[in-house]
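Here's the structure we're looking at; comments come further down.
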Amino acid sequence: MSLSEDLHKRRLAAVARGVGSTISSYIESAGGGTLTDVDGREWIDFASGIAVTNVGNAAPRVVEAVRQQVERFTHTCFMVAPYESYVAVCEQLIGLTPGSFEKRAALFNSGAEAVENAVKIARHATGRQAVVVFDHAYHGRTNLTMALTAKNMPYKHRFGPFAPEVYRAPMSYPLRDGGLDGAEAARRAIDVIEKQVGAGNVAAVLIEPIQGEGGFVVPAQGFLPALAAWAAEAGAVFIADEIQTGFCRTGQWFASEHEGLTPDLITTAKGMGGGLPIAGVVGRADLMDAVHAGGLGGTYGGNPVACAAALAAIETMRELDLAAEARRIESILAPALAALRDEGVAEVRGRGAMLAVELVRPGTLEPDAARTAAVSKSCHEAGLLTLTCGTYGNVLRFLPPLVIPDGDLRRGIDILSSSLRNN
Ligand code: PLZ
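Count the sequence shown with our numbering and you get residues 6 to 428, in order.
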């Protein structure tokens, strides 16, 4: 029995079945483009732990910053006895996010927690309750964020009842929209909001600028700016969930920048911590500061070790210009994916190092989840770690670390190419 098989047996007896894993190999070490399992087998990393290790795994600056911080102190709780690195991370969030208006930030542990807090802030600041989200949205697994998330299986099934005052509007999904342009898709969504919710009741419009779990859906150009303009007019808070798209992933620091958006609030997590759990809400000072003192917080939010990692990760992104690296990955991966197109590939889409292909039955738009699963499995067998996503489970997505060497990237593309050919 391999060491991984042995571990898997232990896992089955100890870890709840509800917690899944993409592969059943257990990891021993990982770097900038590969993971190595306990049996010495190497995996090319097209997952980055779901868009987290943008700076690579065990990135040298992050390792050193964490080491130095754990030697100094591991936890005081910022709400009890504050420390400099929390403030410094907030300063970085303020400086890096789009919009030159006065901002504030607050730190949390996970993406879901950031989203929950962004909604709390928007509700408190507006005195309104309704939150508008979109088809195919993913915002997390806590009770409120399950309500905000669109897809039933596996996220919501039998986990209700869900938080109230959440309303879902149609998304711009160019492949499946029958040719609606961004303005038309926004009009369709705004009609739903105005008729079913009422502009004056909307606390927040919450959207991923490129949807992640929902299928790497890139809305038609103009959709996001039109929604943001409507929200401003309606006195609603426009929140961009940049948890998956943020921190250089799409070829800019934040995906909002591709269309010149300046969201009122932005949620961040994943890439910002270089692998340590940390999340943030950053945005308009008048909204953030509307909340009474003590209204926001949590024991571990902005833990000093996670803050040290975040500062080191951000420094690495700046120093290595990882936004440019994301564009380098796009310049290699996007044409390679386009060249792999067959009659079952409906679309190649995404931005930067957040790219995907959507698989359908030839000649139709009928999702082909079975082929998607088969291609993914065949990639895994050949040593390429890929992920799937999409409401219909028919999207193969690619999220390599932004520091992946060209050689690993090309080896990954070769594996993907033969997996697609053979399935
Ligand atoms: N918002 C846009 O992508 C996390 C979740 C995977 P947490 N996406 C990966 C899974 O199956 O749980 C995500 C996201 C967007 C919010 C979240 C939630 O972030 O850190 O997982 O809570």
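C-beta atoms are modelled at their ideal positions from N, C-alpha and C, and glycine is treated no differently.
Indicate whether at least one CB of chain B lies closer than 9 angstroms to the CB of residue i.
{"i": "residue 304", "result": "This model lacks chain B altogether, as it is built from one protein chain only."}
Could you tell me if the beta carbon of residue i falls within a distance shorter than 8 angstroms of some heavy atom in the ligand PLZ?
{"i": "residue 73", "result": "no"}
{"i": "residue 198", "result": "no"}
{"i": "residue 378", "result": "no"}
{"i": "residue 55", "result": "yes"}
{"i": "residue 156", "result": "no"}
{"i": "residue 115", "result": "yes"}
{"i": "residue 20", "result": "no"}
{"i": "residue 120", "result": "yes"}
{"i": "residue 160", "result": "yes"}
For residue i and residue j, what's the separation of their Cα atoms in angstroms?
{"i": "residue 198", "j": "residue 420", "result": "45 angstroms"}
{"i": "residue 159", "j": "residue 297", "result": "36 angstroms"}
{"i": "residue 146", "j": "residue 248", "result": "14 angstroms"}
{"i": "residue 46", "j": "residue 270", "result": "43 angstroms"}
{"i": "residue 278", "j": "residue 116", "result": "11 angstroms"}
{"i": "residue 179", "j": "residue 15", "result": "45 angstroms"}
{"i": "residue 285", "j": "residue 322", "result": "17 angstroms"}
{"i": "residue 340", "j": "residue 415", "result": "12 angstroms"}
{"i": "residue 301", "j": "residue 290", "result": "14 angstroms"}
{"i": "residue 295", "j": "residue 253", "result": "30 angstroms"}
{"i": "residue 41", "j": "residue 380", "result": "21 angstroms"}
{"i": "residue 86", "j": "residue 362", "result": "48 angstroms"}
{"i": "residue 260", "j": "residue 130", "result": "25 angstroms"}
{"i": "residue 54", "j": "residue 265", "result": "28 angstroms"}
{"i": "residue 127", "j": "residue 37", "result": "38 angstroms"}
{"i": "residue 309", "j": "residue 317", "result": "12 angstroms"}
{"i": "residue 320", "j": "residue 94", "result": "11 angstroms"}
{"i": "residue 418", "j": "residue 345", "result": "10 angstroms"}
{"i": "residue 209", "j": "residue 6", "result": "53 angstroms"}
Any idea which residues DSSP pairs residue i with across the strands?
{"i": "residue 108", "result": "289"}
{"i": "residue 355", "result": "360"}
{"i": "residue 172", "result": "137"}
{"i": "residue 34", "result": "41"}
{"i": "residue 209", "result": "136 and 242"}
{"i": "residue 350", "result": "364"}
{"i": "residue 389", "result": "49"}
Counting along the chain, where does the alpha helix (DSSP H) carrying residue i start and finish?
{"i": "residue 418", "result": "411 to 426"}
{"i": "residue 343", "result": "327 to 344"}
{"i": "residue 148", "result": "148 to 153"}
{"i": "residue 196", "result": "187 to 201"}
{"i": "residue 385", "result": "374 to 386"}
{"i": "residue 321", "result": "309 to 324"}
Where do the N-terminal and C-terminal ends of the beta strand (DSSP E) with residue i fall, by residue?
{"i": "residue 403", "result": "400 to 403"}
{"i": "residue 394", "result": "392 to 394"}
{"i": "residue 11", "result": "That residue, residue 11, is in no beta strand (DSSP E); its alpha helix (DSSP H) goes 8 to 19."}
{"i": "residue 245", "result": "242 to 246"}
{"i": "residue 49", "result": "47 to 50"}
- Task: Could you pull out every unbroken alpha helix (DSSP H) segment of at least 4 residues lying fully inside the region 255 to 287, listed in chain order?
- Result: Unbroken alpha helix (DSSP H) stretches of 4 residues or longer found wholly inside the region 255 to 287: none.
- Any chance you could list the beta strand (DSSP E) runs of at least 3 consecutive residues sitting entirely within the region 77 to 130, in chain order? 108 to 113
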